[in-house]
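Read through the structure below, which is laid out as structure tokens, and then see the notes.
Residue numbers (this note's numbering), protein chains in the order written: chain A, 1 to 273; chain B, 274 to 568.
Rendered as structure tokens:
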């Protein structure tokens with residue numbers, strides 16, 4: 001009896017929490033499909049009276065959302081690939097190759113995780129400006145091309161690769177580059193997937209840096225475009241919600257498709273040290 | 274000890290690209306920011322470097338005398354000290370529920386709770402703006418149904434920060450929840466068995482076994498939450514623009530306004546460095562209270 005009571009309470013709490021968690025997102029979707037004005041009635045509607053895709057059409061035709069979608073995709077995909085290559089090379093080297101100053105360099109790198117990104121942004125802006133990279137994809141991408149966190153994540157994983165395996169490849173005459181490419185990368189697949197998802201989502205969702213370097217509306221990424229849109233269309237609730245849904249949807253789909261790797265990486269990376 | 278061989282030189286080639294990028298686009302700018310904070314770099318210097326002057330600690334002195342800085346600091350501390358613990362408490366509650374042995378479909382609930390974490394902050398902040406609407410918003414309607422008078426969440430200086438804290442809790446708790454679930458899974462089952470044999474009830478088991486064993490994970494979670502919360506920016510930028518009457522102006526928002534709206538880069542750099550110092554100090558303080566898995 002007592003056990004039954006506990007079960008009911010635990011499930012009730014979980015159910016209520018799940019509902020509260022999903023409600024804002026479900027309302028966002030519902031409002032995006034409402035006719036103009038329906039999201040601002042009293043009492044509020046939870047579902048649209050009639051489903052209308054007019055706001056999505058308007059976003060893609062009049063408001064060039066397709067362009068921002070492309071910008072966000074190009075930046076996020078490019079940063080993810082570059083970061084994977086550079087971070088995996090460095091992470092593997094810090095774990096398995098021996099060279100003078102290795103551990104000291106790694107410790108200095110780790111200390112950088114304590115420095116908030118904002119401390120670098122003002123001079124970084126001047127640097128990007130002097131390189132002529134304002135309003136370019138490169139300008140948005142440069143701070144993300146390699147990351148201390150990424151190197152750390154790969155290193156922790158690469159530590160578990162047996163030295164004997166690498167030595168065997170060396171005895172067989174494989175070059176260091178060959179060992180990295182044909183042996184280390186395949187072995188690191190799980191952590192590479194984790195890092196790819198982290199990087200893709202972080203870049204896609206990033207707001208402050210793109211906001212600073214992208215003054216030209218044509219180059220905006222989705223979050224920046226959405227914030228700009230809010231300035232002109234704050235009253236068009238349904239339109240804004242359609243824009244929000246389109247911004248969230250790609251990362252949400254990536255997460256749902258690959259969540260196993262993502263959550264496994266988070267659980268491992270957060271506790272191991 | 275092995276002898277140095279050709280492969281060891283390869284190490285430099287492997288770390289080279291990443292180190293170069295991090296050095297040029299992070300370390301160098303951080304050092305430059307410190308230098309920048311001792312200059313009067315403004316919109317004139319941006320046009321012509323001849324207008325740049327070394328001003329010593331003038332920016333820092335100006336900071337101390339700037340009432341908006343103190344408002345921003347107070348708001349940020351409010352967010353960190355109220356929002357941070359609330360977020361961790363909700364994460365812990367969710368993790369304990371998920372860890373309960375009677376729960377089936379753990380994967381489903383875990384995914385649901387984690388979804389807000391991966392969503393784009395700007396997009397969900399826009400949605401919450403409407404949820405918080407005093408007339409048409411779902412939240413006030415829900416409160417009305419249980420007999421609470423509508424609250425002008427984002428329009429009332431007293432409620433704007435609680436509104437942002439509430440939204441941030443919703444957005445973030447899933448992240449810490451996952452890390453805490455991992456920590457809970459690492460507690461050996463035989464400790465609970467031993468506690469039960471000694472006659473400990475559920476609360477005593479939580480108090481005497483779960484909490485002490487979870488402390489390192491908790492310290493880690495509190496630390497990363499605090500560091501992240503000090504950098505509050507997008508929520509007030511999108512939801513309130515720092516208002517009403519500066520009630521949600523954060524340190525980073527102030528830095529952004531000074532640096533990139535008024536082009537007072539020298540002054541903004543001083544703000545950034547004070548934030549850095551505060552985060553560093555708070556981190557060292559935390560580390561004194563407990564060992565974290567990072568150590």
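The beta-carbon is built from N, C-alpha and C at its ideal position, and this holds for glycine as well.
Here the structure is a predicted model, which means the values were calculated and not measured.
Nearest neighbour of residue 115 (chain A) by Cα position, chosen from B:528, B:299, B:461, turns out to be B:299. For residue 384 (chain B), the uninterrupted alpha helix (DSSP H) segment begins and ends at 379-391.
In the three-state reduction of the DSSP assignment, residue 327 (chain B) falls in the strand class, which pools E and B. In summary, residue 515 (chain B) is buried, with 16 or more beta-carbon neighbours lying within 10 Å of its beta-carbon over all protein chains present. Within a 10 Å sphere around the beta-carbon of residue 16 (chain A) sit fewer than 16 other beta-carbons, which makes this residue exposed. In chain order, 42 make up the part of chain A whose C-beta sits under 7 Å from the C-beta of residue 408 (chain B). Annotation: the continuous alpha helix (DSSP H) that includes residue 13 (chain A) extends over 2-32. Among the residues of chain A, those whose CB is under 8 Å from the CB of residue 401 (chain B) are 24, following chain order.
Annotated as proximal: residue 88 (chain A) and residue 185 (chain A), with beta-carbon spacing under 9 Å.
As computed with DSSP, residue 312 (chain B) is found in a beta bridge with B:327.
Within the model, the alpha-carbon separation for residue 370 (chain B) versus residue 93 (chain A) is close to 41 Å. The beta carbon of residue 145 (chain A) sits closer than 7 Å to the beta carbons of 79, 82, 83, 86 from its chain, once the five residues preceding and following it are set aside; these are given in chain order.
As the crow flies, the alpha-carbon of residue 99 (chain A) is around 11 Å from that of residue 288 (chain B). The CB of residue 112 (chain A) comes closer than 9 Å to the CB of 295, 299, 300, 303 in chain B, given here in chain order.
When secondary structure is reduced to three states using DSSP, residue 322 (chain B) falls in the helix class. Closest in alpha carbon position to residue 48 (chain A), among A:28, A:230, A:153, is A:28.
Residue 426 (chain B) has its alpha-carbon roughly 6 Å from the corresponding atom of residue 405 (chain B). Chain order gives the chain B residues near residue 39 (chain A) as 403, 409, where near means a beta carbon separation below 8 Å. Contact check for residue 209 (chain A) against residue 117 (chain A) passes: the beta carbons are separated by less than 9 Å.
Only 367, 370, 373, 375, 376 from the region 355-381 of chain B bring a Cβ to less than 7 Å from some Cβ of chain A. Linking residue 243 (chain A) to residue 62 (chain A) through their CA atoms gives a straight-line distance of about 13 Å.
Under a 10 Å Cβ-count criterion, residue 158 (chain A) is classified as buried, with 16 or more other Cβ atoms of the shown protein chains found around its own Cβ. Legend: CB atoms of the region 513-532 of chain B lying less than 8 Å from CB atoms of chain A belong to residues 525, 528, 529, 532. Counting along the chain, no alpha helix (DSSP H) covers residue 373 (chain B), and no H or E run does either. When C-beta distances to chain A are compared with 9 Å, the residues of the region 431-447 of chain B below that value are 440, 443, 446, 447, in chain order. Residue 177 (chain A) is positioned such that its CB atom lies no closer than 9 Å to that of residue 284 (chain B). Excluding the 5 residues flanking it on each side, residue 436 (chain B) has same chain C-beta neighbours closer than 7 Å at 405, 426, 427, in chain order.
Judged by DSSP in its simplified three-state form, residue 154 (chain A) adopts helix. In the three-state reduction of the DSSP assignment, residue 130 (chain A) falls in the helix class. For residue 209 (chain A), no chain B residue has a Cβ inside 9 Å of its Cβ, as the nearest lies near 11 Å away. Beyond the five residues adjoining it in sequence on each side, residue 60 (chain A) comes within less than 7 Å, by CB distance, of 66 in the same chain, given in chain order. Taking the beta carbon of residue 349 (chain B) as reference, no residue of chain A falls within 9 Å; the closest one sits roughly 12 Å away.
Neighbours of residue 322 (chain B) in chain A, taken as residues whose beta carbon is under 7 Å from its own, are absent, since the nearest beta carbon is some 10 Å off. With a cutoff of 9 Å on beta-carbon distance, residue 544 (chain B) and residue 532 (chain B) are scored as near each other. Rounded to the nearest whole angstrom, the C-alpha separation of residue 190 (chain A) and residue 458 (chain B) is 21 Å.
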